[in-house]
Structures are given as structure tokens and as C-alpha cells.
Amino acid sequence: MSILPGALFIFIAAGLVFFYNHAKQVNQSVLEDKEKAEELALEGDYNEAGKLLERAADKRPDYQALKRNLSAVNQVKAMEKDLERVETSIEENDLDNALNELSQVNQKMGEQENRLVATLTPRMNELDSRITVGKINNEVKELTNIDELAEKLNTLSRLDLEEATRAREKITEKIVSISSKQAEKAMKERQYNEAIAAVDEGLQYVINHKKLLRLKDRVEQEKLAFEQEKQDRMERAMEQAAMEEMMNRREAVKVLTIKASKDEFGDVTVQGEVQSEATSIVSSIEITYDILDEDGEILETDTSQVYPMYLNPEDTGKFEQNYYDFEKEEISVEVTNVQWFVE
């Protein structure tokens, strides 16, 4: 009986030490799970963080910090589900709905006093950028104005996404295509300055693009060739005009026929026909001629007017004059001069 109190004391003391050490180990395990869960949650692994917090809560159901952390993780997991729906809408190209859902998630984040919601910010920004890219891709299909396309290109330049890079490439290709088509059209119409301006407009936004640079070189070469050809044509035209003027002054009228005939009454008629070889209208044509006898002696020199008064190029006119006092039997006529005016 004297030994029993001592033994009981030792047994109780051993039990207390055991329970103390066990409780200490449990507390240590709970703290480790809590810290690991917080680390995982901040890294975005909400499922594993939730599992650790649930395991720790089973060990210490009255630990309020665990309950608060688990609640925070569950809230973020719910918002992550919402973001997954946003991504589905983006993939289905239902961008208006995606933007509306993303706005709702953003509102929820603002209402939460939960520091874990900040871990969703990169995901939110990515989805917002993808919506922007998707909307631009849809709009670009309808745009035909380089300035409008350049505005979209500027918006995409601020987004660090693979989709944004692909969208920029598409817009670049469209700018090059529009600029090239405008330049080609202007070249066909010989509007080379407009063609160069069209290429330069594209090069403002697609700097040093090889296709546009080659096209600009071609436009400049064709412009130079056209201007040289134009200059050559002008010179040829001036030469032709000078030649025509000389011809119009010296050889504008050709005498086709001229003859003198005597009728039974002894009257002499001088008749003739001329043709205009000028390039302009000639008028007031006068034919000067000599009337000769059989010995070639000049009996008379006279002038006759051609009718009609005005002759177009290649037109013909006639002249006629009558004489009544020649006694010679044989009469001939010879043109000595032709005069005219060029209109």
C-alpha cells in the first residue's frame, strides 16, 4: 500500500508526458500543413492546399486560423471555376459573354477580404488579353483601312501573348496586302506618286518590310521609265510639229491636174484640181500659172482661186478660169506658184 501512491504518480506523470508530446507533435504537424498549404495556395495549387488544410482541421477542429484559410482557399477555387468558364467562352469565340463573366469575377475579387485573390490576377489579365485579341481578330476581318488596322496593331503591341503575336502577324500581312493593292492600282493608272504614297503608308507601320521595299523600288523604276518615255514623246511631238509646220508652209497643197482647152468658138478654159497635204485646214488657195503658145512663149500670166475656200487635210478643190481673146491654135498652161494660208 505504501508503494501504490508512488507508482500511481509515476503512471500519471508518464501519461501526461506522453499526451504532451503527442499534442506537441500534432500541433507541429498542423502548423507544417498550414504553412505548406499557404505556400501552395500562393503558388496557385488550391486543390493541394485545400487537402492539407482539411487534414489539419481534422486534427485541430477548433483552430480558427485553419478554418479561415480553408474558407479563403475554397473561395478562390470557386472563382477559379468561374475563370475556367470564361476560358471556355473564349475558346467558343463567345467573347461578349466571356467579357461579362470576367467582369463578374473581377467584382467578386474586389468584394473579398482575401489576400489569395491576388494570385488570380495574372490569370485574369491573361484572359482579358485573350478577349482583346479575339475581338481584334474578329474586327480585322472587316477592316480595309490601314490607319484602323494600325490602331489595332498598336493595341496588340502591349499584350505579351502568343495569340497577340499571331494576330499582329495577320494584321501586318493585311496592311502589306492593302498597301500593295493600292499601289498596283495606282501604277496601272500611271499615278506613280500615289503608288509611292500607298507603299510609304504601309511602311510606316510595317517598317522595312521586304515586299513593300521591293514594290517601292519597282514603282520608282517604272515612274522613271514613264517620265523618260513622256519626255521622249514630247520631243518627238515637237519634232513632228516642226516638220508639219514646215510642210504646211512649203508643201501643203499639191496640184493634181491643170490643163487648158479651147472650144469651137475659140474660147480657152483653164481648169485644175488640187489636194491638201497639210495637217491643218488650209484656205485661200491661189494658183498662179502661165499660158503658153506652141512655141512656149508666155501669152499671159494669171491667178485663179481654188474652191471651196477651206480644205481639210486630204480634201480636194478645183479652180477654173475662162479666156476669150487668144488667137493661137495650140495653148498650154504651166503652174508657176501656189499660195495658201494655214488655219
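So the sequence shown is numbered by the working numbering: it starts at 5 and just counts up by one. A virtual CB, placed ideally from N, CA and C, is assigned to each residue, including glycine.
Pairwise C-alpha distance: residue j and residue i
{"i": "V137", "j": "Q235", "result": "52 Å"}
{"i": "I175", "j": "D132", "result": "20 Å"}
{"i": "E95", "j": "L87", "result": "12 Å"}
{"i": "Y196", "j": "S287", "result": "44 Å"}
{"i": "S284", "j": "A241", "result": "15 Å"}
{"i": "L120", "j": "V80", "result": "7 Å"}
{"i": "R218", "j": "R194", "result": "18 Å"}
{"i": "E233", "j": "I135", "result": "55 Å"}
{"i": "E188", "j": "A199", "result": "7 Å"}
{"i": "E334", "j": "G300", "result": "10 Å"}
{"i": "L160", "j": "A171", "result": "8 Å"}
{"i": "E348", "j": "T92", "result": "Because the chain is modelled from 5 through 347, residue 348 falls outside the range shown and cannot be assessed."}
{"i": "F345", "j": "K263", "result": "24 Å"}
{"i": "E249", "j": "T307", "result": "25 Å"}
{"i": "A82", "j": "L106", "result": "13 Å"}
{"i": "D221", "j": "E231", "result": "15 Å"}
{"i": "T261", "j": "L228", "result": "52 Å"}
{"i": "E304", "j": "E268", "result": "21 Å"}
{"i": "R127", "j": "L147", "result": "30 Å"}
{"i": "V223", "j": "T169", "result": "31 Å"}
{"i": "F23", "j": "T125", "result": "Residue placement at F23 cannot be trusted, given a pLDDT of 47 that sits under 50; what the coordinates show is reported in the next sentence. Rounded to the nearest angstrom, the two C-alpha atoms are 45 Å apart."}
{"i": "E239", "j": "K192", "result": "24 Å"}
{"i": "E167", "j": "V90", "result": "16 Å"}
{"i": "E347", "j": "K178", "result": "58 Å"}
{"i": "N104", "j": "D204", "result": "41 Å"}
{"i": "D100", "j": "Q108", "result": "13 Å"}
{"i": "V144", "j": "L157", "result": "10 Å"}
{"i": "D329", "j": "Q309", "result": "21 Å"}
Backbone secondary structure at residue i - three-state DSSP
{"i": "Y196", "result": "helix"}
{"i": "E347", "result": "coil"}
{"i": "D267", "result": "coil"}
{"i": "V310", "result": "coil"}
{"i": "V339", "result": "strand"}
{"i": "Y293", "result": "strand"}
{"i": "L165", "result": "coil"}
{"i": "E324", "result": "strand"}
{"i": "V257", "result": "strand"}
{"i": "V210", "result": "coil"}
{"i": "I302", "result": "strand"}
{"i": "Q275", "result": "strand"}
{"i": "I150", "result": "helix"}
{"i": "I182", "result": "helix"}
{"i": "S133", "result": "helix"}
{"i": "I285", "result": "coil"}
{"i": "F23", "result": "With a pLDDT of 47 at F23, under the threshold of 50, the modelled position of this residue cannot be trusted; read the value that follows with caution. Helix at F23."}
Local Cβ density within 10 Å of residue i, reported as buried at 16 or more and exposed below that
{"i": "V339", "result": "exposed"}
{"i": "G206", "result": "buried"}
{"i": "Y311", "result": "exposed"}
{"i": "S181", "result": "exposed"}
{"i": "K85", "result": "exposed"}
{"i": "M313", "result": "exposed"}
{"i": "A245", "result": "exposed"}
{"i": "A190", "result": "buried"}
{"i": "A102", "result": "buried"}
{"i": "A122", "result": "exposed"}
Proximal residues to residue i (C-beta, below 8 Å), its chain only, five neighbours per side dropped
{"i": "D98", "result": "none"}
{"i": "N316", "result": "S280, I285"}
{"i": "V342", "result": "V257, V259, V278, I289, E290, I291, T292"}
{"i": "L165", "result": "E130, S133, R134, V137"}
{"i": "K215", "result": "V180, S184"}
{"i": "E331", "result": "G270"}
{"i": "N110", "result": "M128"}
{"i": "I302", "result": "D294, I295, L296"}
{"i": "K28", "result": "Unreliable placement is indicated for K28, whose pLDDT of 49 sits below 50; no coordinate value is reported for it."}
Same chain only: Cβ atoms within 6 Å of residue i, ignoring 5 sequence neighbours per side
{"i": "R253", "result": "none"}
{"i": "Y327", "result": "V272"}
{"i": "D319", "result": "S280"}
{"i": "N141", "result": "A171"}
Beta-carbon proximity list for residue i, same chain, < 7 Å, skipping 5 on both sides
{"i": "Q186", "result": "A202"}
{"i": "K266", "result": "V272, I335"}
{"i": "K112", "result": "M83"}
{"i": "K139", "result": "L99"}
>> Three Cβ pairs or more, each shorter than 8 Å: is that satisfied between the region 323-340 and the region 274-286?
In response: yes
> Quick one: any contact between the region 293-303 and the region 326-346, if contact means 3 or more CB pairs under 8 Å?
Replying inline: yes
> Can at least three beta-carbon pairs, one atom from the region 146-163 and one from the region 198-217, be found at a separation below 8 Å?
Replying inline: yes
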